[in-house]
Every structure is written in C-alpha cells, then in structure tokens.
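Trainee: I'd like to ask you about the structure that follows.
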Amino acid sequence: MCRWAAYRGDPLYLEELVSSPAHSLIEQSHCATRAKTATNGDGFGIAWYGDRPEPGRYRDILPAWSDCNLKSLARQIRSPLFLAHVRAATGGGTRRDNCHPFTHGTWSFMHNGQIAGFERLRRPMEALLDDELFNARGGTTDSELMFLLALQFGLREAPIAAMAEMIGVVEDLAGSVIGSILLRFTAAFSDGNTLYAIRYATDRKAPTLYASPVGAGYCLVSEPLNDDGDAWAEIPDGSAVTVGKNGIDVADFRPEKRGAARLQPVAVSA
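Residue numbers for the sequence shown follow UniProt numbering, beginning at 1 and rising by one.
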C-alpha cells in the first residue's frame, strides 16, 4: 500500500509535510507504521499549484528517501495546495508513468488501494473512455484508469458524484466479469481550488486517512506526520472530504449504481 499527504490553505513549503516532520512522507517511504508494508520504495511524486491553473509535477522511480532533488524542491516550493505520494506498487511496473500524482488539465489525483482482478477489468474499463481520455493514459495502473474514468463521468462539474459513479461502475463491472467485488480506495484529488478525498472499501477495510489543521489550512494524510495523536482525526470508512476556503467538511460516501446503462463502451471515432 502507498502513503500520501495533501494540503490546502495559506501557502506552505512542501517540506512541512514531505521532509521536515518526525514522521514525514519521506520517513514513511521506508518506515510506514499504519500500512501492511512498511516500505514504499517504488517511486514518488509531488503535484503543486502556483500562479498557473495547471499543477506543476515532479515524479521519479527512485525511492523518495534517496532522491536529493525531492528534498531540495520541497524546501524551495511554497504552495497553497499540493499533493505528495510515495508508492508501494500493487500492479503496474516501476516506471515514471505509473507514479502518482496523475494530472489532466487542472486536475491532479493520487490513490492508495487496489481493484482485485484488475487485469481482467482493464480492457472493459478502458472501453468506457472517449478518445481524448483514452489517449491521455500514459501508464498501466488501476489508479490512473480510475482517475480518467472519473473525468469521463463528470469530475470537472461534480467531483464527488463523479467518483461515486466511477466506483459504482467498477463494482458493476467486477460483479459482471469476475463474479466478485473487492475494491479499496483512499484517494485525494484537486482542481487547484478545492482539495477532495474519499475513503471507501467494499470490505470495510479501506486504507487509512487522517486530517489535521496545519497553520492556516488543513492536511490530509495516510498516517499522522508526528506523535501528537490528539491532533489527528481519523476519517471514517465511507467518507468524502472537502477542504475549501471555508474549512473542512466530511460527509457520507457511497457508490452510485447505474447498472448496465453505464457499462456500454464509448463509441470510437473513425
């Protein structure tokens, strides 16, 4: 399982989450304490928002603890909204295109979790994408494909609803193709203005998610960045989180089932 951290608020140096805390994201890359695997050494990535609508991004296949460029960038980049991720691969090779966060236009996305039997679901999931989004796919992970499907289902207009529809469609596909459903999904995503996160799993064993105020903003993380347990609130399984200019909101989350109507492939242009 992967580890990640995200922030939205007044501009903050990335190092405040990525490298400085006692249990920073870099520390978690080789010594995670609340995951099945303590080591997350299959690459890393950061995406941050600045003066332009599209996020900047830096990814590599090196373990986060061994990349001096990451520490240097984190010390110099100051941003009001950023996502950072260290990867423990459950599928897809160790290559830059498979490292999170993924981006498309103004959107960024990172994920911790998995779809059981993804190798059997990949082709029917890809068939639901239009040409633009299919051609935007650079890697081979289930995470990137779920992000693109959410864009297909209206992420730009209704972010939480699009994720609910995407997960509902994946569950319907798994039931139809495999005969069983196991999906674990703890993800953060943003359009550069609002930070969103979802914690959900079909077996009620979703990867962990915590929230805490940090400075004049809020931080969402896979596991606390320090030993101050009282500062970190665990987000319950089956939750959608929204962090905006008015603070943080946590609401119930469940997939939206559309049945067979949403399982038809998108028509491909000639």
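We treat Cβ as the ideally placed atom computed from N, Cα and C, and that holds for glycine.
1) DSSP on Ala32, reduced to helix/strand/coil?
2) So, are the CB atoms of Phe189 and Phe109 less than 8 angstroms apart?
3) CA-CA distance, Thr202 and Lys257?
4) Assess contact between the stretch 194-214 and the stretch 237-248, defined as three or more Cβ pairs (one per stretch) separated by less than 8 angstroms. Is contact present?
5) For Arg204, which residues of its own chain have a beta-carbon under 6 angstroms away from its beta-carbon, when the five flanking residues on both sides are left out?
6) Quick one: Cα of Glu54 to Cα of Pro159, how far?
7) Of all the options Asp142, Glu27, Asp131, Met166, which has the alpha carbon lying nearest to the alpha carbon of Ala150?
8) So, for Glu234: in the same chain, excluding its five sequence neighbours on each side, which residues have a beta-carbon less than 6 angstroms away from its beta-carbon?
9) Using CA coordinates, which residue listed in Asp227, Lys71, Val170, Phe153 is at the minimum distance from Ala162?
10) May I ask you to report which of helix, strand or coil DSSP gives Ser212?
11) Less than 8 angstroms between the beta carbons of Ile46 and Arg95, yes or no?
12) DSSP on Gly168, reduced to helix/strand/coil?
13) If we ignore side chains and look at the alpha-carbon of each, how far apart do Cys219 and Asp227 end up?
14) Counting only the same chain and skipping the five closest in sequence on each side, list residues whose C-beta sits under 8 angstroms from that of Ala174.
15) Taking Pro124 as part of the alpha helix (DSSP H), name the residues at either end of that continuous run.
16) With a threshold of 16 other CB atoms inside 10 Å of the CB of Asn40, please say whether the residue is buried or exposed.
Mentor: For this structure:
1) Since pLDDT at Ala32 reaches only 48, below the 50 mark, its modelled position is unreliable, and the value read off the structure follows with that caveat. The answer is coil: DSSP assigns Ala32 none of H, G, I, E or B.
2) yes
3) 13 angstroms
4) yes
5) Asp237
6) 17 angstroms
7) Met166
8) Tyr210
9) Phe153
10) strand
11) no
12) helix
13) 15 angstroms
14) Ile115, Ala116, Gly117, Leu121, Ser180, Ile181, Leu182, Leu183
15) 118-126
16) Caution is warranted here: a pLDDT of 48 is assigned to Asn40, below 50, making its placement in the model unreliable, and the coordinate value is therefore given only provisionally. Classification for Asn40: buried.
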